[in-house]
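Going by our numbering, the first residue of the sequence shown is number 43, and it counts up by one from there.
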Amino acid sequence: MNSLASRPKLIALVGPTGSGKSALAVEAALVLHGEIVNCDSMQLYRRLNIGTAKPTDQQRRLVPHHLYDLLEPDEVYSAGRYMQEARGICRQIAGRGHTPVVVGGTGLYLRALLEGVFEGPGRTEELRRRLHRIGDKRGSVYLHRLLARRDPEAARRIQPADRIRLVRALEVFFATGSPISRLQPSREPFDEVSIVKIVLNLPRSELYARINRRVEEMFQSGLIEEVESLLRQGYSPDLKAFEALGYRAVVRFLKGEITIEEAVESTRRDTRRYSKRQMTWFRREADVHWIPFAGEDPRALAEVLKIVEMNN
43 MNSLASRPKL
53 IALVGPTGSG
63 KSALAVEAAL
73 VLHGEIVNCD
83 SMQLYRRLNI
93 GTAKPTDQQR
103 RLVPHHLYDL
113 LEPDEVYSAG
123 RYMQEARGIC
133 RQIAGRGHTP
143 VVVGGTGLYL
153 RALLEGVFEG
163 PGRTEELRRR
173 LHRIGDKRGS
183 VYLHRLLARR
193 DPEAARRIQP
203 ADRIRLVRAL
213 EVFFATGSPI
223 SRLQPSREPF
233 DEVSIVKIVL
243 NLPRSELYAR
253 INRRVEEMFQ
263 SGLIEEVESL
273 LRQGYSPDLK
283 AFEALGYRAV
293 VRFLKGEITI
303 EEAVESTRRD
313 TRRYSKRQMT
323 WFRREADVHW
333 IPFAGEDPRA
343 LAEVLKIVEM
353 NN
C-alpha cells in the first residue's frame, strides 16, 4: 500500500439534490486540474436530461465529465458495476496527473466507490416486488419489524425509513435462508487514493427554496415533453429510470390522474423528502468536511480549496 502522502488525491463533492454541486465541481476542477466523475444514479441514463439536472453542455466543454449518459433507460445497473467503472476512470484520471472530482448525491454509489461493495446473491425481481408491495401496504416500519425478527443485527444497522436497504436485507434472507449480517462481506476499500470528502450542507430553508425553484424550472424547461418522448419510444414508466424525481408525477399527469399543479407540488414534496434522506445518509459518513454554502456561492469554492490544501 502506498503511503498517504504519495497517493493521488480523490475529491468527493457530494450533498443533497439542488445544492449546486455540479457548478461547484466545475469551478473546483478548473482550479485543481480535475476531471469530473458522476456519482448520481439517475444521471447515468441517456434521454433523462431535464429532470435529472445533468451538467450543461457549457460545463462539459470546460472540464471532462465521465459516467454521464452511460445507459439506455431500460438498462439495469448496480453499485458493484458502478464501483468497478468509477474506480477504473479515477485511475485513468490520476494516471494523467489530474484529480478525480467525484460529484453527486447517491450515497450508496459513493460508499461503493470508496469502501467497496457487497452485492450478495443475485436479485430476485418477483421477491423484491412482493416486498415493496408489502411496504406500500403496511409501511417501512413493518418491514423493519419483519427484518428484526430474522436478522436483528441488520435491523439495528438499518433505519426503519430506509426502504431500499430493508428490502435488500429481507430479499437476501428469503433467497438464501441466511441473515445478510452473517454473510461475509467482500469489500475492498479504494486505498490507492487519498480521499477528501466534502458535503454541501445548506440551511434547510435555503435548500428547500432552491428545490422549489428548480422543480418549477424543470417543468418550464420541458420535463413533460421529455417524459412524453420516453413513452413514445416505448419505455415503460415502471422502469428504474422513471424513479428519477418528477418523472412518475408527469406520467400521472399525462394519464389524467392529477393536474399539472399537483404534479409540480408532488415533485417538490418528493424532492424535499429525498434531500432529507440524502443528508441522513451523509451524516453517517466518517471523515467528512461540511460546507454551509450553495455551490454557486464564491465562499463554497474558497472552502473547498482550503480543505484540499489542509489535506495535502
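In this text, a Cβ means the ideal position worked out from N, Cα and C, and glycines have one as well.
6 Å CB neighbourhood of residue i in its chain, flanking five on each side removed
| i | result |
| --- | --- |
| Arg49 | Val235 and Ser236 |
| Leu66 | Gly337 and Ala342 |
| Asp111 | Arg88 |
| Ala286 | Met84, Leu90, Gly93 and Thr94 |
| Val105 | Val68, Ala71 and Ile78 |
| Lys348 | none |
Alpha carbon of residue i to alpha carbon of residue j, nearest angstrom
| i | j | result |
| --- | --- | --- |
| Tyr124 | Leu109 | 9 Å |
| Asn243 | Thr322 | 11 Å |
| Pro194 | His140 | 45 Å |
| Val293 | Ile300 | 9 Å |
| Thr388 | Pro142 | Any answer about residue 388 is impossible in this case: the structure gives the chain only from 43 up to 354. |
| Ile240 | Val159 | 21 Å |
| Asp233 | Glu304 | 47 Å |
| Ala190 | Arg170 | 18 Å |
| Leu156 | Gly298 | 44 Å |
| Asp204 | Val346 | 30 Å |
| Leu173 | Asp82 | 25 Å |
| Gln226 | Asp339 | Low confidence applies here, because Gln226 scores a pLDDT of 43, under 50, leaving its location unreliable; read the following figure in that light. So the alpha carbons of these two residues sit roughly 44 Å apart. |
| Glu334 | Ser317 | The amino acid occupying residue 334 in the given sequence is Pro; Glu does not appear at that position. About 15 Å. |
| Arg89 | Leu281 | 13 Å |
| Glu167 | Pro279 | 17 Å |
| Ile135 | Arg175 | 43 Å |
| Gly60 | Ala291 | 18 Å |
| Val238 | Leu113 | 28 Å |
| Arg319 | Thr313 | 10 Å |
| Pro245 | Gln101 | 26 Å |
| Thr98 | Met352 | 31 Å |
| Gln275 | Ala283 | 14 Å |
| Leu272 | Tyr289 | 10 Å |
| Glu307 | Arg256 | 12 Å |
| Pro231 | Ala154 | 9 Å |
| Val118 | Phe324 | 25 Å |
| Lys51 | Arg138 | 13 Å |
| Arg129 | Asn80 | 12 Å |
| His331 | Val350 | 10 Å |
| Glu258 | Arg315 | 17 Å |
Proximal residues to residue i (C-beta, below 7 Å), its chain only, five neighbours per side dropped
| i | result |
| --- | --- |
| Ile92 | Met260, Ser263, Gly264, Leu265 and Glu268 |
| Ser223 | Asp193, Glu195 and Ala196 |
| Arg207 | Ile200 |
| Lys96 | Gln85 and Tyr110 |
| Glu327 | Lys239 |
Cβ separation of residue i and residue j, assumed to be a contact under 8 Å, to the nearest whole Å
| i | j | result |
| --- | --- | --- |
| Leu152 | Ala54 | 6 Å |
| Arg180 | Ile253 | Actually they are not in contact, since the Cβ atoms of Arg180 and Ile253 sit about 29 Å apart, beyond 8 Å. |
| Ile131 | His107 | The Cβ separation is near 11 Å, so there is no contact. |
| Leu185 | Leu212 | 7 Å |
Proximal residues to residue i (C-beta, below 8 Å), its chain only, five neighbours per side dropped
| i | result |
| --- | --- |
| Lys63 | Leu55, Val56, Gly57, Val145, Gly146, Gly147, Leu242 and Gly337 |
| Phe295 | Ile266, Thr301, Ile302, Glu304 and Ala305 |
| Phe215 | Leu189, Arg192, Asp193, Pro221 and Ile222 |
| Asp329 | Ile237 and Lys239 |
| Val209 | Arg170, Leu173, His174, Gly177 and Leu185 |
| Arg199 | Ser223 |
Residue i beta carbon near the ligand ATP (any heavy atom closer than 7 Å)
| i | result |
| --- | --- |
| Ile78 | Because no ligand of any kind appears in the structure shown, any question about the ligand ATP cannot be addressed here. |
Are there three or more Cβ pairs, one per stretch, closer than 8 Å when the segment 261-274 is compared with the segment 64-74?
no
Complete runs of the alpha helix (DSSP H) confined to the segment 277-330 [at least 4 residues]
289-296 and 302-325
Which runs of the beta strand (DSSP E) at least 3 residues long sit entirely within the segment 244-269? Give them in chain order.
Runs of the beta strand (DSSP E) lying entirely within the segment 244-269, each at least 3 residues long, are absent.
My parser needs the alpha helix (DSSP H) runs of 4 or more residues fully inside the segment 63-102; what are they?
63-74
Length at least 3, wholly inside the segment 137-222: the beta strand (DSSP E) runs in chain order
Taking only runs of at least 3 residues, the beta strand (DSSP E) segments lying wholly in the segment 137-222 are 141-146.
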